[in-house]
Amino acid sequence: MTPLLQLSGITKVFPGVRALENVQLALWPGKVTALIGENGAGKSTLVKVMTGIYQPDEGEILYKAIPVHLPTPESAHKIGITAIHQETVLFDELSVTENIFVGQYLCKGVFNTLDWPAMHRRAQAILTRLEVQIDSRATLKTLSIAQRHMVAIARALSFEAQVVILDEPTAALSQHEILEFYQIVERLKQEGKAILFISHKFDEIFELADHYTILRDGVFVGEGSINAITEERMVSMMVGRAITQTFPKVDCEKGETVLEVKNLCHPTEFANISFSLRKGEILGFYGLVGAGRTELMQALSGITRPSSGEIVLNGKTQHFRQPADAINAGIVCVPEERQKQGAIIALPIAQNISLPQLGKLNPNGVLHDDREWRLADEYATRLQVKAFSWKQAVETLSGGNQQKVVIGKWLATHPDVIILDEPTKGIDIGSKSRRS
């Protein structure tokens, strides 16, 4: 079978770093190919080459065995290549129909007026084709995360995309929603779509994928049938070493109680939550999406206010009116949405890490670049952030390295309690092992 999309010899160089070197990838109609690699391996860069955001310095792209040049995202869109990212690019205040047809509205008449009845009918037909129960007239902000992913897939189908790139699509889904997503992927396969599936979850890779391609440090490592490789071999190829114990247990001496929560309540999100946390201890909170985990963490870090109950830190009852109060007391939070809440992604790594401590680093109101640089260098190095310079913008990093910057920013404040809300969302197995 001839690949629908084939990349060979792809090389992409940025100042100070070779992001991709002689990479190859093939996608077949009706098949799922898993793209596997650690954070910083080049997966995101390769996707941007495939979707016309970056142009390769070397190499060739074949679509239906014909060489193509993709100078812009629009050019990739026109031949039927679309990407659905973990952080879906949708518009909360618009309807489902508007999100599906944004940039490609259907018009009628000599004055090219928008044909809303036709767009609603077509949008609903696509959603019905996907067998999802979503009203095309609903406002996007009323939908769940899983439903938003379905809208993004519907948008791809609205212009008959032939190559569908799914980048960490299940990172924020519940188990039930993941099973529904599996069914959507199977329908796309039945329609003959060539699917590139990017995930760090090996159970999903072995469940959905027909083929695999592995990258390491921007270099092609191997490819093959998913049935011809074991998880252990895949991990070894991905990280370049054997990880015999994925999450090694580290024994730490438990100290005195540092945080105690007593009967904490919120008017709408949770009720009567009580627990205690000692120094050197990790306390895990588990629950389905929407169970109130994030909302509890927001109350503990001063983002929202509980209606009753007590928060006792180092023996002193706290009343946080804002996040700054919690930070000053010694509680910090690494949020689930790192790009929206955890970092200012347009700023450099150094400025993100130093942001909570501008007052300490610049006591006279004068910016001291050397202090900022030393702080950033210490924590970015400790957390093994992959970047060619601490001046590099956070938005140019892989998801895992963005997360390291956010964690480093808060570790640099020397907190008593650090709250990690879905810290390994979209993170590779090697990075998860190091975080443990």
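Counting from 1, position 362 in the sequence shown corresponds to residue 1098 in our numbering; the numbering is continuous, with no gaps.
We put the beta carbon where it would ideally sit given N, CA and C, even for glycine.
All values derive from a computational prediction rather than experimental measurement.
For the beta strand (DSSP E) containing residue i, list its first residue and its last residue.
| i | result |
| --- | --- |
| Thr833 | Per DSSP, Thr833 belongs to no beta strand (DSSP E); it is in the alpha helix (DSSP H), Val832 to Phe837. |
| Asp1157 | Element bounds for Asp1157: n/a, residue is neither H nor E. |
| Leu932 | Ala930 to Ile934 |
| Val1070 | Ile1067 to Val1070 |
| Thr818 | Ile817 to Ile820 |
State the beta-bridge partners of residue i as determined by DSSP.
| i | result |
| --- | --- |
| Glu794 | Thr747 |
| Arg754 | Val749 |
| Pro803 | Leu798 |
| Glu996 | Ser1012 and Val1048 |
| Ile1182 | It is not possible to answer for residue 1182, since the shown part of the chain is limited to 737 through 1172. |
| Lys844 | Thr849 |
| Thr875 | Ser831 |
| Val759 | Ile746 |
| Leu1111 | Answer is none; Leu1111 lacks a bridge partner. |
| Leu741 | Leu763 and Tyr799 |
| Ala1129 | Pro1084 |
Excluding the 5 residues flanking residue i on each side, which residues of the same chain have their C-beta closer than 8 angstroms to its C-beta?
| i | result |
| --- | --- |
| His885 | Ile820, Thr824, Pro905, Leu909 and Phe917 |
| Ala755 | Lys748, Val749, Gly778, Thr781 and Gly954 |
| His1104 | Leu1097 and Asn1098 |
| Thr808 | Gly788 |
| Lys929 | Pro765, Gly766, Ala897, Gln898, Val899 and Val900 |
| Glu829 | Thr875, Leu876 and Lys877 |
| Glu992 | Arg1014 and Lys1015 |
| Gln919 | Glu867 |
| Gln840 | Ser894 and Phe895 |
| Asp939 | none |
| Asn999 | Asn1008, Ile1009, Ser1010, Ser1044, Gly1045 and Glu1046 |
| Tyr790 | Lys748, Thr781 and Lys784 |
| Ile862 | Ile836, Ala890, Leu893 and Ser894 |
| Val1173 | Outside the shown range of the chain, which is 737 to 1172, sits residue 1173, and nothing can be said about it. |
| Gln683 | What is shown of the chain runs 737 to 1172, which leaves residue 683 out entirely. |
| Ala859 | Val832, Thr833, Ile836, Phe837, Ser872, Ala890 and Ser894 |
What residue range does the alpha helix (DSSP H) around residue i cover?
| i | result |
| --- | --- |
| Ala854 | Trp852 to Arg865 |
| Gln1139 | Gly1135 to Leu1147 |
| Leu782 | Lys779 to Met786 |
Near residue i, what residues of its chain come up, given a Cβ to Cβ distance below 6 angstroms and the 5 sequence neighbours on each side ignored?
| i | result |
| --- | --- |
| Ala854 | Leu842 |
| Ala1062 | Ser1037, Gly1038 and Phe1056 |
| Lys1140 | Leu1119 and Val1121 |
| Phe1021 | Arg1029 |
| Ile753 | Residue identity differs from the one stated: residue 753 is Val in this sequence, not Ile. Only Phe1124 meet the Cβ criterion. |
| Ala762 | Pro739 and Gln742 |
| Ala882 | Leu909 and Glu913 |
| Lys990 | Arg1014, Gly1016 and Glu1017 |
| Tyr799 | Leu741 and Ile815 |
| Glu1023 | The question names Glu, but residue 1023 is Gly in the sequence shown. Correct list, in chain order: Arg1029. |
Please confirm if residue i has its CB atom under 8 angstroms from at least one CB of chain D.
| i | result |
| --- | --- |
| Asn1098 | Within the model displayed, chain D is absent; a lone protein chain is all it includes. |
Excluding the 5 residues preceding and the 5 following residue i in the sequence, name in chain order all residues of the same chain whose CB lies nearer than 7 angstroms to its CB.
| i | result |
| --- | --- |
| Leu826 | Asn835, Leu876, Arg884, Val887 and Ala888 |
| Ser744 | Gln760, Gly795 and Glu796 |
| Pro1059 | Ser1037, Gly1038 and Ile1039 |
| Val1142 | Val1070, Arg1074, Gly1078 and Ala1079 |
| Arg923 | Leu866 |
| Ile1089 | Leu1111, Ala1112, Tyr1115, Ala1116, Val1141, Gly1144, Lys1145 and Ala1148 |
| Cys1001 | Ala1007, Asn1008, Pro1042, Ser1043, Ser1044 and Gly1045 |
| Ile1085 | Ala1112, Ala1116, Val1121, Ala1123, Trp1126, Gln1128, Val1130 and Val1141 |
In the stretch 936-987, which residue ranges form an unbroken beta strand (DSSP E) of at least 3 residues, counting only runs that do not cross its ends? 947-952 and 955-961
Suppose only complete runs of 3+ residues qualify. What are the beta strand (DSSP E) ranges in the stretch 998-1049, listed by chain order? 1009-1014 and 1044-1049
Quick check for students: name the residue ranges of the beta strand (DSSP E) that lie wholly in the stretch 884-914, counting only runs of 3 or more. As summarised for the stretch 884-914, the continuous beta strand (DSSP E) elements at least 3 residues long and confined to that stretch are 899-903, given in chain order.
Whether or not the stretch 962-977 and the stretch 755-767 are in contact is what I'm after, with contact meaning three or more pairs of Cβ atoms, one per stretch, closer than 8 angstroms; do they touch? Output reads no: the stretch 962-977 does not touch the stretch 755-767.
Assess, as a yes-or-no matter, whether the stretch 805-819 is touched by the stretch 867-878 under the definition of 3 or more beta carbon pairs within less than 8 angstroms. With fewer than three CB-CB distances shorter than 8 angstroms, the stretch 867-878 does not count as touching the stretch 805-819.
Counting Cβ pairs, one atom from each stretch, are 3 or more of them under 8 angstroms apart for the stretch 1044-1055 and the stretch 1122-1131? no
Any contact between the stretch 1062-1072 and the stretch 1144-1164? By contact I mean 3 or more CB pairs, one from each, below 8 angstroms. yes
What ranges does the alpha helix (DSSP H) occupy inside the stretch 1054-1106, keeping only unbroken runs of at least 4 residues that lie completely in it? 1059-1065, 1085-1090 and 1094-1097
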